[in-house]
Each structure stands twice: as C-alpha cells, then as structure tokens.
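Take any residue in the sequence shown, count from 1 to its spot, add 20: that is its number in this note's numbering.
The beta carbon of each residue, even a glycine, is placed where N, CA and C say it ideally should be.
First the structure, in the form of structure tokens, and then the observations on it.
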Amino acid sequence: MAKERIDYTEHYSLVADAMTSRGLLLGSYDAQGKPNIMTIGWGALGSIWGIPAWIVLVRPSRYTFRCIEHTGCFSVNVPTESLARACASAGSTSGADVDKFTELGLTAEKAASVLAPVVAECPVHYECRVVHSNDVLPEKLTDEIRSGAYQDGDFHRVYWGRILGSYAVSGAADLLSGR
Numbered sequence: 021m022a023k024e025r026i027d028y029t030e031h032y033s034l035v036a037d038a039m040t041s042r043g044l045l046l047g048s049y050d051a052q053g054k055p056n057i058m059t060i061g062w063g064a065l066g067s068i069w070g071i072p073a074w075i076v077l078v079r080p081s082r083y084t085f086r087c088i089e090h091t092g093c094f095s096v097n098v099p100t101e102s103l104a105r106a107c108a109s110a111g112s113t114s115g116a117d118v119d120k121f122t123e124l125g126l127t128a129e130k131a132a133s134v135l136a137p138v139v140a141e142c143p144v145h146y147e148c149r150v151v152h153s154n155d156v157l158p159e160k161l162t163d164e165i166r167s168g169a170y171q172d173g174d175f176h177r178v179y180w181g182r183i184l185g186s187y188a189v190s191g192a193a194d195l196l197s198g199r
C-alpha cells in the first residue's frame with residue numbers, strides 16, 4: 021500500500037478507537053537490526069512542547085524496551101479490524117523469542133525518517149524519535165491505578181516521541197472504520 025504524508029491529527033478519532041478496541045502496533049529494531057512489534061492499548065497522540073508527539077508506555081521487562089533504548093526511535097502503526105488477531109498475538113509473545121513479522125505474516129518496511137520499522141499492512145503509521153523518557157513513579161500513582169495496572173510491580177517507562185512523519189494510504193478512514 022502506497023502511503024502519502026498526512027497531518028498527524030487527520031485520523032485522530034479513528035486512531036483512538038483502534039487503540040482502545042484492538043490495539044496499535046509499536047515498531048522498533050533491536051541491536052542486530054531485527055524488526056520487532058508490540059501491541060499497545062495505552063498511549064496519547066497530541067502536542068506537547070509545541071511539537072506533534074506520541075506518548076507510549078513500555079515496561080522495562082519487555083523486549084521492545086531494549087529496542088527503543090538502543091535506537092531512540094519507534095513507529096506507531098494503526099491496524100484495521102482484519103488485523104485484530106495479529107494484534108492479539110503480537111501482544112502475547114516476545115520478539116526475543118520469535119520473529120513476530122514472520123509469525124504473523126506481516127511486512128516490515130523501513131521508515132522514511134526514523135530507525136524503526138513500519139507495518140506495511142497498516143493503513144496509517146507515525147514515525148517517532150524519542151525526545152524524552154522517564155519512569156513511572158509508583159509513589160505518585162493513585163491506589164486505583166497502582167493496584168489495577170501494576171499488581172506485579174512492573175512499572176512502565178514513558179516515552180515522548182516527536183512525530184517526524186505521519187503517513188496514510190488513500191481511503192484510510194474507510195479502512196479503519198470498516199466501511
């Protein structure tokens with residue numbers, strides 16, 4: 021699918037719907053250049069410090085954490101409903117153990133502006149360079165969030181990624197909404 025550059029806000033509501041319903045695919049490369057994806061259901065797309073940004077959370081126990089720490093880059097890929105099963109699988113296996121792109125029949129393509137793979141089958145993707153990161157501070161969380169999201173004590177690192185490029189195929193809105 022040939023993608024063209026778009027404004028990062030163009031499909032905002034459809035991206036938010038996909039994130040909360042089936043998840044998005046976070047792309048990164050490991051130190052050997054192997055592409056990796058991980059499903060995310062939490063994140064924020066918007067503007068901070070006057071720049072377009074994705075804010076994503078990755079636990080230090082995840083393989084993706086090492087990948088982002090190595091490259092300082094990531095991609096956020098927005099799948100269609102037909103890729104929901106791939107999202108579920110990508111979120112339940114580790115890229116340290118398997119090549120998720122091969123296992124899921126997906127195609128890794130080089131991003132245009134960052135050192136991260138993009139998922140060719142996703143009609144929308146964002147290319148991000150980390151401009152800041154920090155660890156979630158357990159003592160600053162409410163009891164509700166700590167007991168719900170962090171029962172095992174595996175707290176996230178938060179990455180602020182400057183969006184250097186946003187891309188979509190023609191008809192992305194129809195593809196994402198299932199029309």
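Output the boundary residues of the beta strand (DSSP E) element that contains residue i.
i	result
A64	63-68
G181	177-189
D200	Since the first residue of the chain shown is 21 and the last is 199, residue 200 is not available in this structure.
R79	Element bounds for R79: n/a, residue is neither H nor E.
S133	Taken as a continuous stretch (DSSP letters only), S133 belongs to no beta strand (DSSP E), as it is neither H nor E.
S48	44-49
Output the boundary residues of the alpha helix (DSSP H) element that contains residue i.
i	result
H31	H31 -> no alpha helix (DSSP H), and no H or E assigned at all.
T91	83-91
A128	Taken as a continuous stretch (DSSP letters only), A128 belongs to no alpha helix (DSSP H), being part of the beta strand (DSSP E) at 128-130.
K120	120-124
E164	163-169
L195	192-197
R105	104-110
With a CB to CB cut of under 8 Å and the five nearest residues on each side skipped, what residues in its chain are close to residue i?
i	result
F85	V78, R79, R177
I71	V151, R182, I183
For residue i, collect the residues of the same chain with a Cβ closer than 6 Å to its Cβ; drop the 5 residues on either side in sequence, then sort them by chain order.
i	result
S133	E147, L184, G185
D155	R177
E101	G198
R42	A104, C107
V150	G92, Y179, G181
Using a Cβ-Cβ cut-off of 7 Å (strictly less than) and excluding sequence neighbours within five positions of residue i, which residues of its own chain qualify?
i	result
D194	none
N97	L44, L45, G47, V138, V139, C142, H145
D27	S186
Y83	N56, S114, G115, A116
Give me whichever residues DSSP pairs with residue i in a beta bridge.
i	result
K54	Paired residues: none, contrary to the question.
P23	Residue identity check: residue 23 is Lys in the sequence provided, not Pro. Partner(s): V189.
T59	L45
For residue i and chain C, any beta-carbon pair shorter than 9 Å?
i	result
I183	No chain C appears in this structure, which consists of one protein chain only.
- Query: Is the number of C-beta pairs between the stretch 21-38 and the stretch 115-125 that are closer than 8 Å three or more?
  - Reply: no
- contact_flag[the stretch 49-58, the stretch 152-167] where n(CB pairs < 8 Å) is 3 or more: no
- Task: State whether the stretch 64-74 contacts the stretch 107-116, with contact taken as three or more CB pairs (one from each stretch) at a distance under 8 Å.
- Result: no
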